[in-house]
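To start, the structure under review is shown below, and the notes come after it.
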Amino acid sequence: MTDPKLLRGKPGVLSTLVKAALPAVPGVNQLPGVKKAPRDQFTGLSYAREGAVAERSEVDRYAGVCGFPRKDTVPLPYPHMLAFPLHMAIMSDPAFPFPAIGSVHLENSITSHRPIGVGETLDIVTSVGPARPHAKGTVLDFVTEVRSGDELVWESTSAYLRRGRGDGSATSGLSIPGTPTGGIQWRLPEDLGRKYAAVSGDHNPIHLYPLTARALGFPRHIAHGMWTKARCISAIENRLPDSVVVDVAFKKPVFLPGTVAFAVASEGRNHTFALTNPKDGSPHLVGRTTAL
Numbered sequence: 001m002t003d004p005k006l007l008r009g010k011p012g013v014l015s016t017l018v019k020a021a022l023p024a025v026p027g028v029n030q031l032p033g034v035k036k037a038p039r040d041q042f043t044g045l046s047y048a049r050e051g052a053v054a055e056r057s058e059v060d061r062y063a064g065v066c067g068f069p070r071k072d073t074v075p076l077p078y079p080h081m082l083a084f085p086l087h088m089a090i091m092s093d094p095a096f097p098f099p100a101i102g103s104v105h106l107e108n109s110i111t112s113h114r115p116i117g118v119g120e121t122l123d124i125v126t127s128v129g130p131a132r133p134h135a136k137g138t139v140l141d142f143v144t145e146v147r148s149g150d151e152l153v154w155e156s157t158s159a160y161l162r163r164g165r166g167d168g169s170a171t172s173g174l175s176i177p178g179t180p181t182g183g184i185q186w187r188l189p190e191d192l193g194r195k196y197a198a199v200s201g202d203h204n205p206i207h208l209y210p211l212t213a214r215a216l217g218f219p220r221h222i223a224h225g226m227w228t229k230a231r232c233i234s235a236i237e238n239r240l241p242d243s244v245v246v247d248v249a250f251k252k253p254v255f256l257p258g259t260v261a262f263a264v265a266s267e268g269r270n271h272t273f274a275l276t277n278p279k280d281g282s283p284h285l286v287g288r289t290t291a292l
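Numbered per the UniProt record's numbering, the sequence shown spans residues 1 to 292.
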C-alpha cells in the first residue's frame, strides 16, 4: 500500500455527494476522473488528516444527538466523525474500484486505548486493502488509526459489504451469541437521520427523506448504523473502562420514524447488548464490549 494521501480541509456536502454518486451513473461512470479502476488491480488506498481538533461545539452537538452527557472527554465513538471524511475520500477516489453508493456498513469495531480530551489535536489515517470474500459478496475493511503525537489512542475497523456473487465457504460475518432481547424502548423521530447527518457529515440519501430513500430501493429512510451504535454505547458508557473494545454487527435497518428496544447483559467488566424490533425481537444491531 502506498503512503497516505493527505486530505486538507473539510469537503463540502454537495461535492461529496456528487463524487459518491457519479460512479454509479451509467455512461458518466466511464468519464476520466470518474471511471473506477479495475477491481483485480486494486492493492489498497490510504488517506490521512493532520491536526484534526475535537472542537467543543462539534463534540457537544454530536453528544446531544446521540445521548451522551457533556464531558471534558469526547464520546467513545466520536473519532469516527473525524475519520468519516477519509472514508468518503477513499470511496470517491478513482483508484478505489467500487462506487460509494451501494456499500452496506456491515460491522464496526472500535478500540479506545484511553479517553480523548475535548480540544485535543489528533492525526488520523484510514486505509483499505483488497476486498475479501463474504457469503453475500465481498467485504472491504476500512481501518482507522488515531494518534495524539506518537501515541495511538483510538482505532476502528468498518466493514463494508458489496453485494454480489458470494463465496459459500466464506464467513457470513460477526456472530455474538447470547445477546439479550426486550428491554427499554426508544422512539426514534422522523428527522433523526437529518439530525445525525448534520453532525456526522454522512448525508447518504437513504437516511434523509422517504423520497430519497425510495430512489435507492428502501420503502422509507433509515437510521444511520453508527448512530445506533453510538446510542447503545451512550446507554452503558458509565459502565465502560477507559480502555475497551466495542464490536457491533448491523443486522436489519431501522426505519424512521420507529421504535426500537435496547437490552444489555453484563458479566464482570464485559457486556453484550442488542437493539431489536420490539414487536418480534428481530435484531437491528448486536454488540459486545471487551475490557482491555
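Glycine included, C-beta positions come from ideal geometry on N, C-alpha and C.
Asked, Found
"contact_flag[the stretch 102-116, the stretch 190-200] where n(CB pairs < 8 Å) is 3 or more", "no"
"Residue span of the beta strand (DSSP E) that contains H271, given as start and end", "270-276"
"Closest Cα partner of P38 within the set A48, L82, I236, A95", "A95"
"Sequence-distant residues of its chain with Cβ nearer than 8 Å to D202 (five each side left out)", "F84, Y196, H224, M226"
"7 Å CB neighbourhood of P257 in its chain, flanking five on each side removed", "L188, P189, E190"
"G287 burial status per 10 Å Cβ neighbour count (16 or more: buried)", "buried"
"Secondary structure, beta strand (DSSP E): runs of 3+ residues fully inside the UniProt domain \"MaoC-like\" (190-272)", "244-250, 258-267"
"Entirely enclosed alpha helix (DSSP H) segments - the stretch 45-121, minimum 4 residues", "56-66, 79-92"
"Whole-angstrom distance between P133 and T171, CA atom to CA atom", "8 Å"
"Beta-carbon proximity list for M81, same chain, < 8 Å, skipping 5 on both sides", "E58, Y62, V199, S200, G201"
"Burial state of S169 (16 or more Cβ within 10 Å)", "exposed"
"Run of the beta strand (DSSP E) containing T181, from where it starts to where it stops", "It is not in any beta strand (DSSP E) - T181 carries neither H nor E in the DSSP assignment."
"Residue environment, N204, which counts as buried when at least 16 other CB atoms sit within 10 Å", "buried"
"Sequence-distant residues of the same chain with beta carbon closer than 7 Å to V74, five excluded per side", "A54, V59, I116, V118"
"Three-way DSSP call (helix, strand, coil) for R147 in this model", "strand"
"Contact under 8 Å by Cβ, A249 with G173", "yes"
"Boundaries (first-last residue) of the beta strand (DSSP E) holding P283", "283-291"
"Unbroken beta strand (DSSP E) run spanning R8, endpoints", "Here R8 belongs to no beta strand (DSSP E), and DSSP marks it neither H nor E."
"Simplified DSSP assignment, three categories, for D40", "helix"
"Which residues DSSP lists as bridging A170, in chain order", "None; A170 has no bridge partner."
"Distance between K279 and P177 (C-alpha atoms, nearest Å)", "21 Å"
"Residues that A131 bridges to, as DSSP identifies them", "Answer by DSSP bridge pairing: none, since A131 is not bridged."
"Residue burial classification, L6 (beta-carbon count within 10 angstroms, cutoff 16)", "exposed"
"Candidates F262, V246, L45: closest to A235 by CA position", "F262"
"With 16 other Cβ atoms within 10 Å as the buried cut-off, status of I124", "buried"
"Whole-number beta carbon distance between E120 and S156, since they are thought to touch under 8 Å", "In fact, because the Cβ distance is near 17 Å, the residues do not count as touching under 8 Å."
"Between the CA atoms of S282 and P219 - distance to the nearest angstrom", "18 Å"
"Straight-line gap, L106 to R49 (C-alpha atoms, nearest Å)", "25 Å"
"Same chain only: Cβ atoms within 6 Å of W154, ignoring 5 sequence neighbours per side", "P79, S112, V146"
"For G102 and R70, the rounded distance between their alpha carbons", "35 Å"
"Status (buried if at least 16 other CB within 10 Å, exposed otherwise) for D40", "exposed"
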